[in-house]
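Protein chains in written order, with the numbering used here: chain S, 1 to 159; chain G, 1 to 159.
Every residue, glycine too, gets a C-beta built ideally from N, C-alpha and C.
Read the structure below first, then the notes.
Number of protein chains: 2
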Amino acid sequence: MKLDPIPANPSDDPFDDDFDIIEPLCAVFRRALKGEGLKYTPERARILDTIIRRDGMFEADQLLEQMRSDGFRVSKATVYRTIKLLEDASIIQRVLFDRDQSHFQLAYGKAANTLLVRMDTGEVEAIEVPELIALRDKLCAARGLKAEGHRLQIFAVGE
Amino acid sequence: MKLDPIPANPSDDPFDDDFDIIEPLCAVFRRALKGEGLKYTPERARILDTIIRRDGMFEADQLLEQMRSDGFRVSKATVYRTIKLLEDASIIQRVLFDRDQSHFQLAYGKAANTLLVRMDTGEVEAIEVPELIALRDKLCAARGLKAEGHRLQIFAVGE
DNA sequence: GTGCGTGCAAAGACTTTGCACGTAC
DNA sequence: GTACGTGCAAAGTCTTTGCACGCAC
Numbered sequence: 001m002k003l004d005p006i007p008a009n010p011s012d013d014p015f016d017d018d019f020d021i022i023e024p025l026c027a028v029f030r031r032a033l034k035g036e037g038l039k040y041t042p043e044r045a046r047i048l049d050t051i052i053r054r055d056g057m058f059e060a061d062q063l064l065e066q067m068r069s070d071g072f073r074v075s076k077a078t079v080y081r082t083i084k085l086l087e088d089a090s091i092i093q094r095v096l097f098d099r100d101q102s103h104f105q106l107a108y109g110k111a112a113n114t115l116l117v118r119m120d121t122g123e124v125e126a127i128e129v130p131e132l133i134a135l136r137d138k139l140c141a142a143r144g145l146k147a148e149g150h151r152l153q154i155f156a157v158g159e
Numbered sequence: 001m002k003l004d005p006i007p008a009n010p011s012d013d014p015f016d017d018d019f020d021i022i023e024p025l026c027a028v029f030r031r032a033l034k035g036e037g038l039k040y041t042p043e044r045a046r047i048l049d050t051i052i053r054r055d056g057m058f059e060a061d062q063l064l065e066q067m068r069s070d071g072f073r074v075s076k077a078t079v080y081r082t083i084k085l086l087e088d089a090s091i092i093q094r095v096l097f098d099r100d101q102s103h104f105q106l107a108y109g110k111a112a113n114t115l116l117v118r119m120d121t122g123e124v125e126a127i128e129v130p131e132l133i134a135l136r137d138k139l140c141a142a143r144g145l146k147a148e149g150h151r152l153q154i155f156a157v158g159e
């Protein structure tokens, strides 16, 4: 994929009002930015909105392509920079199951560190596994360590 | 890291006889290569041997550096090409917990899919967690799926 | 108005590939 | 002797960064 120069924008104003129809997360992001002395820009709002609409795993340039096909002017650099901010704000999290590219998913409000990956359909579902915390803490304690987090990916197929 | 040109070789003959002191895995690799009509070369033997001696997680250029400091002439390209062959032969497996680089580990004979990553020291230990299989199978069964594999990373610090 | 943000191009980091020469079989 | 392998350099990908202009606060 090799698209850097931004194509002309079909709609004149890239900043219109329905970009934040999903209020809560935008508010979270806004607050996080303000806390760092950073600004809530149309581009950042759009990017988060696009992520929310996708509602699934995404890659940086999927996001870029989708935004462009939706008629938004955004640069690759801004997408990457915003992804980093969203990660810092714990609104999205990096997944890492493909060696070529980083994948991300919404993470806010859930500790989505267990993924059920369907190898036949490609679907990825974030699931809750409370038992894992106990298991992980036990394993660490047995070695004199303190668990700070974990990540589990389960690969499955329908039967 | 930026070292491509191979430095002059301290020992004249890069191919001496103790490169395959650990017989079994070399034999496995040799057989796998023969099966594909490929050749068992000194470089390939050395690379596998170096991996076995390390006995832990490794990255492509760690391998390269170690081989060079051991006095072997090998190129980056050959290391990458051989890693791919070893992966195909299921002798090593790719780990993916760092977004910058692929990590690998010996895979032959064990299913090392749980990693304990020490965030303070950077150490990574592959551990066995039999309970995980049952847990994972249960989660899949509850959704009408069949588990094919899993991968767990636990992040911890000393206390 | 100031300082952060954006787009663009270029640089970076890891990995892959084309080519000519060399070697395992 | 032939086909595969190697080293080197260059190209490829994904991601990051320097810079000048622009906008949110």
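Three-way DSSP call (helix, strand, coil) for residue i in this model
i	result
Glu43 (chain G)	helix
Ala172 (chain S)	The structure shown does not extend to residue 172 (chain S), since chain S is modelled only from 1 to 159, so the question has no answer here.
Leu162 (chain S)	Here chain S comprises residues numbered 1 to 159, so residue 162 (chain S) is not present and cannot be evaluated.
Glu87 (chain S)	helix
Glu128 (chain S)	coil
Ser11 (chain G)	Low confidence applies here, because Ser11 (chain G) scores a pLDDT of 40, under 50, leaving its location unreliable and the question unanswered by this model.
Arg136 (chain S)	helix
Lys34 (chain S)	helix
Phe155 (chain S)	strand
Ile21 (chain S)	Confidence at Ile21 (chain S) is low in this model, with a pLDDT of 41, below 50, so the placement of that residue is unreliable and no value is reported for it.
Residue i: contacting residues in chain S (beta-carbon distance under 9 Å)
i	result
Ile127 (chain G)	Leu139, Arg143
Contact set between residue i and chain G, taken where Cβ atoms lie within less than 9 Å
i	result
Gln105 (chain S)	In chain order: nothing, as chain G lies at least about 15 Å away.
Arg151 (chain S)	Phe97, Arg151, Leu152, Gln153, Ile154, Phe155
Check: residue i C-beta below 7 Å from any heavy atom of the ligand ZN
i	result
Gln93 (chain S)	As presented, the structure is devoid of all ligands, the ligand ZN included, so that no description of it is given.
Extent of the continuous beta strand (DSSP E) run through residue i
i	result
Gln93 (chain S)	92 to 94
Gln105 (chain S)	103 to 106
Arg118 (chain S)	114 to 118
Within chain G, partners of residue i - CB distance below 7 Å
i	result
Ser90 (chain S)	Residues of chain G passing the Cβ test: none, with the nearest at roughly 15 Å.
Phe97 (chain S)	Leu96
Contact list for residue i against chain S, beta-carbon separation under 7 Å
i	result
Val157 (chain G)	Leu145, Lys146, Glu148
Met119 (chain G)	Glu148
Arg68 (chain G)	Under the 7 Å cutoff, chain S gives no residues; its nearest Cβ is about 25 Å from Arg68 (chain G).
Residues that residue i contacts on chain S, provided the C-beta gap is smaller than 8 Å
i	result
Leu135 (chain G)	Val129, Glu131, Leu132, Leu135
Chain-ordered neighbours of residue i on chain G, where CB pairs are closer than 8 Å
i	result
Ser102 (chain S)	Arg99
As an exercise, report each continuous alpha helix (DSSP H) stretch of at least 4 residues that is fully enclosed by the region 46 to 85 of chain S, in chain order.
Listed in chain order, they are 60 to 69.
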